[in-house]
Each structure stands twice: as C-alpha cells, then as structure tokens.
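Chains as they are written, first to last, in the numbering used here: chain A, 73 to 350; chain B, 73 to 350. A virtual CB, placed ideally from N, CA and C, is assigned to each residue, including glycine. Please read all numbers here as calculations on a predicted model, not as lab measurements. Each remark here refers to the structure printed beneath this line.
Number of protein chains: 2
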Amino acid sequence: MKKIVLLGTGNVAHHLALRFQEVGVPIAQIYGRTLHKATVLAQRIGSDATDNLKELVQDADLYILAVSDNAIEPLLQEIMIQNVSDVSLPPQSSFAPFWVEQDRNFGTWVHTSGTIPSTIFEKYTSNYGIFYPLQTFTIGKEPDWTTLPLCIDANTAAKRRSLEQLGQLLSPVVHHITDTQRATLHVAAVFVNNFTNHLFHIGQTIVENDGITFDLLKPLIQETVAKIQLHSPETMQTGPAKRGDTITIEKHQIFLKHYPLYHKLYELMTKSIMKKYK
Amino acid sequence: MKKIVLLGTGNVAHHLALRFQEVGVPIAQIYGRTLHKATVLAQRIGSDATDNLKELVQDADLYILAVSDNAIEPLLQEIMIQNVSDVSLPPQSSFAPFWVEQDRNFGTWVHTSGTIPSTIFEKYTSNYGIFYPLQTFTIGKEPDWTTLPLCIDANTAAKRRSLEQLGQLLSPVVHHITDTQRATLHVAAVFVNNFTNHLFHIGQTIVENDGITFDLLKPLIQETVAKIQLHSPETMQTGPAKRGDTITIEKHQIFLKHYPLYHKLYELMTKSIMKKYK
Chain A
73 MKKIVLLGTG
83 NVAHHLALRF
93 QEVGVPIAQI
103 YGRTLHKATV
113 LAQRIGSDAT
123 DNLKELVQDA
133 DLYILAVSDN
143 AIEPLLQEIM
153 IQNVSDVSLP
163 PQSSFAPFWV
173 EQDRNFGTWV
183 HTSGTIPSTI
193 FEKYTSNYGI
203 FYPLQTFTIG
213 KEPDWTTLPL
223 CIDANTAAKR
233 RSLEQLGQLL
243 SPVVHHITDT
253 QRATLHVAAV
263 FVNNFTNHLF
273 HIGQTIVEND
283 GITFDLLKPL
293 IQETVAKIQL
303 HSPETMQTGP
313 AKRGDTITIE
323 KHQIFLKHYP
333 LYHKLYELMT
343 KSIMKKYK
Chain B
73 MKKIVLLGTG
83 NVAHHLALRF
93 QEVGVPIAQI
103 YGRTLHKATV
113 LAQRIGSDAT
123 DNLKELVQDA
133 DLYILAVSDN
143 AIEPLLQEIM
153 IQNVSDVSLP
163 PQSSFAPFWV
173 EQDRNFGTWV
183 HTSGTIPSTI
193 FEKYTSNYGI
203 FYPLQTFTIG
213 KEPDWTTLPL
223 CIDANTAAKR
233 RSLEQLGQLL
243 SPVVHHITDT
253 QRATLHVAAV
263 FVNNFTNHLF
273 HIGQTIVEND
283 GITFDLLKPL
293 IQETVAKIQL
303 HSPETMQTGP
313 AKRGDTITIE
323 KHQIFLKHYP
333 LYHKLYELMT
343 KSIMKKYK
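Structure representation (structure tokens):
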C-alpha cells in the first residue's frame, strides 16, 4: 500500500489517522464533509485535506471509508456522481467512477464498519474489502494498539493479504473475519460493551440514589474484568443466581420495586444465569 | 485491636488472613469446620488453628466471621451452645456466651457479608459490627488492597472508629456504610459484577458458536471498563440502542432468534437504554 486516502473525521478516522502516522505510513489525503475538521486532522498528521469529492486523489492504492454506517452508501453514490461528471477525467471513465477504469492499477475500497456487509461496494468497484478495528474509540483517549484486533476481509485473496500486511503495521492482532463473522462479532460487542456499560449506569443510579459514591463499585468492576483475562467467564460466574440463593434474590427484587425496568432486567438476567448453572 | 480471631477458611477469610499478616496485624487463631483447611491457612500466617468451638480464644478483641451468609446464624448459635456448657468458663457466664460477660472488656463481633444485617448479632452480643470488603475474591489471585473498599459499621460510634482504624491498616478506602446502604451496594454489585460477567459469557457463547475466539472481544471489554474510571457510564453509552438505530437492532434481533433468552435480554436492555437516552 503506497497511497492512502482516508474519508471521515470522526472517532475511528481520527485514531486511524494518528496510528498510520505513528507507524510511518503516510495518509495522502483526508476527506471530510466539514473542511475545518478535515484540515485540523490533516494538519496533525501532515496530510492534505478536502471537503470536495471532485478533488479526491484519483490514483490512491487504498480508500478507507471511516464514516458512520448510514453514510457509506450515500458517500459512494456521491463519489460516483461527482466523478462521472468531472471533465478532468479521461474519456473512458465517463460512465463509471474513476476507480473502475480498466486500464490502470485502480485502488481498493474498504470501510471500517462492524455492521455493513462488504458487498455494499459491489456496484461501485471490483476491489473492495473491510478494515474494521474492533474497539470503542473516544477522541482524546488513545486506544491500546498493541492489543487492538483488526478484522480484515477482501473480495480476493491477494487483496486480503495486502490489507493484512497493512493491518499488521498498526496492530499485531489482525484476523481474517468474514461478513457473517463480523455480524456475529457486532452482536456480541453490543452485549459486552454497550449492555455492560448500561449495567454500570444502573449500578451507579442505584447507589447514588442512596447517597453512596459510584467509586466504591469501581474496584469490583475492575476485578470482574481482570478475571476474564485469564479465566473463562463461564467459570468465573458468582452471585445469588449462580448459587440458587432465592432468599437474597427475593430481597433484591423487593429492593428493585421502585425501578420497574431494572427489576425486569434483574429477573431476566437471574433466569438466564440459573438456566445456565442449574 | 490486639487479639483477632478469624472464623472461616473460604475466599474472604483467606485473603483477609493474608492481608492482616502482610500489614503486621497478627491473627491469634483461625477456626474452620475442617481442621485441615484451618491449619493450612493458619500455617501460612503463623497462627493457630482449630475446628473446635470450645477451643475458641476467649479474650480476643475482635471475632471476624468470614463465612457464607447462611452459615452466620447457625455458627453464632453453635458458639453459644458450646460455650454455655463449657465447664472452663467462669460461673457467671453459665447462661450466656463468654463474650457477653459484663466483668471484662469483651470482644467485638463482626461479619464480612454484603447482605446480612448487622442486627443478626443482637441476641448474642452487645458489641457488634460489619467488616465488609466490597470485592470479588478468588483464591490464587491477590486483590488490589490499595483500592479495595472496606465497608465498616458498628453498633456504637466508638467501636466504629476502632474498626475504621483497623480497616485503614488494610486499605486506604474505608467507608462507614449502614445496613441499608450495604443492601443497596449489594444489589448494585450484582448488576455490575454478576450480571456483567454473564454478559461476557453470552458474548463468548455467541462468537465461539461462529468459530471466533473470545480473545477478540477482550480489548473491547478492557476499554469499556477503562472509560468509566474517568467518565460517568451515563456519558460513555454508545451503540445502536443509544443512537436509536432500529435497522441494526432489527438485524441483531433476527440473528438472536436462535438464542431465545438472549433475544429477550437484548430486547429489554435495548428498551432500557432507549428509555434513558430518548
């Protein structure tokens, strides 16, 4: 991979751009809907910025769409429209976007989404793939790239190898993950990330309503997670539901009568744990 | 606190015993139902062991019941029975356990449970309290005592101060927590520890059924927890439910049709998140 164009200025684009720069892989150009955002990010990594799709670098080896799920298809459509009407393009491309020209080594298109199938690219290009970092990104908080799993796929084995090699420059953990497996991973990620965070919020709400700081629960949360680094969560399960301690469960359910939705969640989680360990 | 007797040989007793030894506070005696277990633990910290309640050290300043919730009341009853019939006790104690003798500086009794009220001691002694380490313990894995919250209570302010001072030798995080607050903390702990671990198990099941290693999800889990050390879980919520992304939610629900209970959990968690962030 020689010339890379990054489309997007959000969390994923931001951290990818910084990481590419960190490992010495230059990003030729950053596209953003808002020029200011693209410029700020481009300046941080010594790259060019644009908000004009007609100005996209046309001979890049890789185009990374790091935009929100719903923006991928409209962006691809817009790129096609912009470029077929671009007088600066060679005549043979007048009815197709520049990257499907058959007479040059055209680029590969990938997106970074956990949910959108790679086949979204099919009607736009015959060179496409996936470059999905399985992590939750926050601007201002550097992710740990030494453990961050990169999920790679492409529509040919050669492209896949090429993307894997690029991925290995960013992280030692690069996996070939199919569209189906990526869909599976995304559902699982909702459980272990989104739902887990919501449980933390519920814990916080419950204790703070009784004048207790949430800080008291943080070491317990840390330890819960530390344990599964070495042991399977299946063997690490504890608590009243695991023990079948119906007296404690009843006490907790009485306590939760003021929180109807949390009461239902408690009931269903308890049921699920009991079913598993009965 | 000069002389401490520890009753119990499970996870909590084990880690308390090691910590007391580590900070130079001697445990005079360890009682266990199984002499072997008590002896093994006692030998690690240079203490005495017994499985005979008649042999309990009678002039200890503090008795710590680190036994399972259901064992507390039966153990107290047994100690009373054993000791009122003990000919070695002075005559004035013949109808009461030795520690309620009125003519000496009798000891304080505490337990380490998150759920049992301190008032369980009322009919046995007039000196009682709570010494509850808010953490999940595993034998063979040292907890981080520099952050471990110790929840202390006692039936007099003086006893409470005394227990707080003792607690501060073990951990810098010592809080006065009432019975009511401890009950609240325990419900919250079930959400953030037991239920969270079950979500990890669900994530593991889902990905392994599709031939994907659970290791791929571990960095995401680490980051989910790392974020709430600095920010409130309320502001850290992400995912399709938070965004109101019904298309993704529907896809996930179709995927989960083979997991009826997890499907219900997904639905309820999604509902709870949507209600919160609508």
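Requested in this report: Assign R91(A) to one of two classes, buried (16 or more other C-beta atoms within 10 Å of its C-beta) or exposed (fewer than that).
Outcome: Counted from its first residue, the first sequence places residue 91(A) at position 19. Buried: at least 16 other Cβ atoms inside 10 Å.
Query raised in the report: Would a C-beta distance cut-off of 7 Å place L148(A) and Y200(A) closer than the cut-off?
Result: Numbered from its first residue, the first sequence carries residue 148(A) at position 76. Numbered from its first residue, the first sequence carries residue 200(A) at position 128. Result no, Cβ atoms of L148(A) and Y200(A) do not sit closer than 7 Å.
Query raised in the report: Which ranges does the alpha helix (DSSP H) cover as unbroken runs of at least 4 residues, wholly within the region 220-256 of chain B, from first to last along the chain?
Result: 229-242
Query raised in the report: If we ignore side chains and look at the alpha-carbon of each, how far apart do T210(B) and K314(A) end up?
Result: Your numbering for residue 210(B) matches position 138 in the second sequence. Your numbering for residue 314(A) matches position 242 in the first sequence. Looking at the two C-alpha atoms, the distance is approximately 16 Å.
Requested in this report: State the DSSP-derived secondary structure class of Q207(B), mapped to helix, strand or coil.
Outcome: As a position in the second sequence, residue 207(B) is number 135, starting the count at 1. It is coil, neither helix nor strand.
Query raised in the report: If we count Cβ pairs, one from each stretch, closer than 8 Å, do we get three or more for the region 260-271 of chain A versus the region 232-249 of chain B?
Result: no
Query - For V77(A): DSSP bridge partner residues - result: Position 5 of the first sequence, counted from the start, is the residue given in the question as residue 77(A). Answer is Q101(A), Y135(A), bridged to V77(A).
Query raised in the report: Are the C-beta of T187(A) and some C-beta of chain B separated by less than 7 Å?
Result: Taking the first sequence and counting its residues from 1, one reaches residue 187(A) at position 115. Closer than 7 Å to some Cβ of chain B, the Cβ of T187(A) qualifies, so yes.
Query raised in the report: Beta-carbon of A260(A) versus every beta-carbon of chain B: anything under 7 Å?
Result: One-based indexing of the first sequence puts residue 260(A) at position 188. By this cut-off, A260(A) is an interface position.
**Report entry** Touch test, the region 322-336 of chain B against the region 247-264 of chain A, Cβ-Cβ under 8 Å, three pairs minimum
**Finding:** yes
**Report entry** Nearest-angstrom Cβ-Cβ length linking N265(B) and T296(A), presumed shorter than 8 Å
**Finding:** Position 193 of the second sequence, counted from the start, is the residue given in the question as residue 265(B). Position 224 of the first sequence, counted from the start, is the residue given in the question as residue 296(A). At roughly 5 Å, the Cβ-Cβ gap stays under 8 Å, so N265(B) and T296(A) are in contact.
Report task. Let me know if A226(B) comes out buried or exposed under the rule of 16 or more other beta-carbons within 10 Å of its beta-carbon. Result -> Residue mapping note: residue 226(B) aligns to position 154 of the second sequence, counting from 1. Result: buried.
Query - Where H270(A) meets chain B, residues with beta-carbon distance less than 7 Å - result: Looking up residue 270(A) in the first sequence gives position 198. Going along chain B in sequence order, the residues near H270(A) (Cβ under 7 Å) are Q309, M341, S344, I345.
Report task. Please state whether DSSP places G201(B) in a helix, a strand or coil. Result -> Against the second sequence, residue 201(B) aligns to sequence position 129. Strand.
Query raised in the report: Bridge partners of H42(B), per DSSP?
Result: Outside the displayed span of chain B (73 to 350) sits residue 42(B), for which this structure offers no information.
Query raised in the report: Counting Cβ pairs, one atom from each stretch, are 3 or more of them under 8 Å apart for the region 98-113 of chain A and the region 122-135 of chain A?
Result: yes
Query raised in the report: Does DSSP put K350(B) in a helix, in a strand, or in coil?
Result: In the second sequence, residue 350(B) corresponds to position 278, counting from 1. DSSP places K350(B) in coil when its eight states are reduced to three.
Query raised in the report: Under 7 Å, do L333(A) and K336(B) count as touching if we go by C-beta distance?
Result: One-based indexing of the first sequence puts residue 333(A) at position 261. One-based indexing of the second sequence puts residue 336(B) at position 264. No; because the gap between Cβ atoms is not below 7 Å, this pair is not in contact.
Query raised in the report: If you check the beta carbons only, do G311(A) and F263(B) fall under 7 Å apart?
Result: Residue mapping note: residue 311(A) aligns to position 239 of the first sequence, counting from 1. Residue mapping note: residue 263(B) aligns to position 191 of the second sequence, counting from 1. Going by C-beta atoms, G311(A) is not nearer than 7 Å to F263(B).
Query raised in the report: Helix, strand or coil: how does DSSP classify D287(B) here?
Result: Numbered from 1 along the second sequence, position 215 holds the residue referred to as residue 287(B). Correct three-state label for D287(B): helix.
Report task. Taking only the alpha-carbon atoms, compute the straight-line gap between L292(A) and S344(A) and give it to the nearest angstrom. Result -> Walking along the first sequence from the start, residue 292(A) turns up at place 220. Walking along the first sequence from the start, residue 344(A) turns up at place 272. The straight-line gap from Cα to Cα measures roughly 22 Å.
Query - Start and end residues, alpha helix (DSSP H) containing T191(A) - result: By one-based count along the first sequence, residue 191(A) stands at place 119. Looking at the DSSP string, T191(A) is not in any alpha helix (DSSP H), and its letter there is neither H nor E.
Query raised in the report: Taking Cβ positions, are V95(B) and L241(B) nearer each other than 7 Å?
Result: On the second sequence, position 23 is the one that residue 95(B) refers to. On the second sequence, position 169 is the one that residue 241(B) refers to. Cβ atoms of V95(B) and L241(B): closer than 7 Å.
Report task. State the DSSP-derived secondary structure class of K213(A), mapped to helix, strand or coil. Result -> As a first step, residue 213(A) is located in the first sequence; it is residue number 141 there, counting from the start. K213(A) falls in the strand class under three-state DSSP.
Requested in this report: Helix, strand or coil for G82(B), going by three-state DSSP, please let me know.
Outcome: Residue numbering aside, residue 82(B) sits at position 10 when the second sequence is read from its first letter. G82(B) falls in the coil class under three-state DSSP.
Query - Reduced DSSP category for T122(A) - H, G, I as helix; E, B as strand; rest coil - result: Here residue 122(A) corresponds to residue number 50 of the first sequence, with the count starting at 1. In this structure, T122(A) counts as strand in the three-state DSSP scheme.
Requested in this report: Report the residues of the region 215-232 of chain A with a CB closer than 9 Å to any CB of chain B, ordered along the chain.
Outcome: P215, D216, T219, L220, P221, C223
Query raised in the report: Beta carbon of T187(B), beta carbon of T320(A): below 7 Å?
Result: What you label residue 187(B) is simply residue 115 of the second sequence in a count that begins at 1. What you label residue 320(A) is simply residue 248 of the first sequence in a count that begins at 1. Against a cut-off of 7 Å, the Cβ pair of T320(A) and T187(B) comes out as a contact.
Query raised in the report: Whose Cβ in chain A lies nearer than 7 Å to the Cβ of T210(B)?
Result: Along the second sequence, one-based indexing puts residue 210(B) at 138. Neighbours of T210(B) on chain A, chain order: K299.
Query raised in the report: What does T296(A) touch in chain B if you count any residue whose Cβ is under 9 Å from its own?
Result: Position 224 of the first sequence holds residue 296(A). Residues of chain B passing the Cβ test: T208, V264, N265, N266, T268, N269, F272, V297.
Query raised in the report: Candidates L288(A), Y103(A), A260(A), Q309(A): which alpha carbon is nearest D287(B)'s?
Result: Locating residue 287(B) in the second sequence gives position 215, where the first residue counts as 1. When only C-alpha atoms are compared, the closest one is A260(A).
**Report entry** CB-CB length for G179(B) against V139(B), believed under 8 Å
**Finding:** Residue 179(B) sits at position 107 when you count from the first residue of the second sequence. Residue 139(B) sits at position 67 when you count from the first residue of the second sequence. Their Cβ separation, rounded to whole angstroms, is 17 Å, which puts G179(B) and V139(B) out of contact at 8 Å.
Query raised in the report: By the 10 Å Cβ neighbour count, where 16 or more other Cβ atoms means buried, how is G212(B) classified, buried or exposed?
Result: Here residue 212(B) corresponds to residue number 140 of the second sequence, with the count starting at 1. Burial call: exposed.
Query raised in the report: Where does S304(B) sit, in a helix, a strand or coil, going by DSSP?
Result: One-based indexing of the second sequence puts residue 304(B) at position 232. S304(B) falls in the coil class under three-state DSSP.
Query raised in the report: For H324(B), which residues in chain A fall below 7 Å Cβ to Cβ?
Result: The sequence position of residue 324(B) within the second sequence is 252, counting from 1. Correct list: V259, V262.
Requested in this report: Leaving aside the five residues before and after P163(B) along the sequence, list all residues of the same chain whose C-beta is less than 6 Å from its C-beta, in chain order.
Outcome: For this step, residue 163(B) is matched to residue 91 along the second sequence. Because P163(B) sits at a pLDDT of 38, beneath the cut-off of 50, its placement in the model cannot be relied upon, and the following sentence gives the value as read from the coordinates. Closer than 6 Å at the Cβ level, and outside the excluded window around P163(B), lies no residue.
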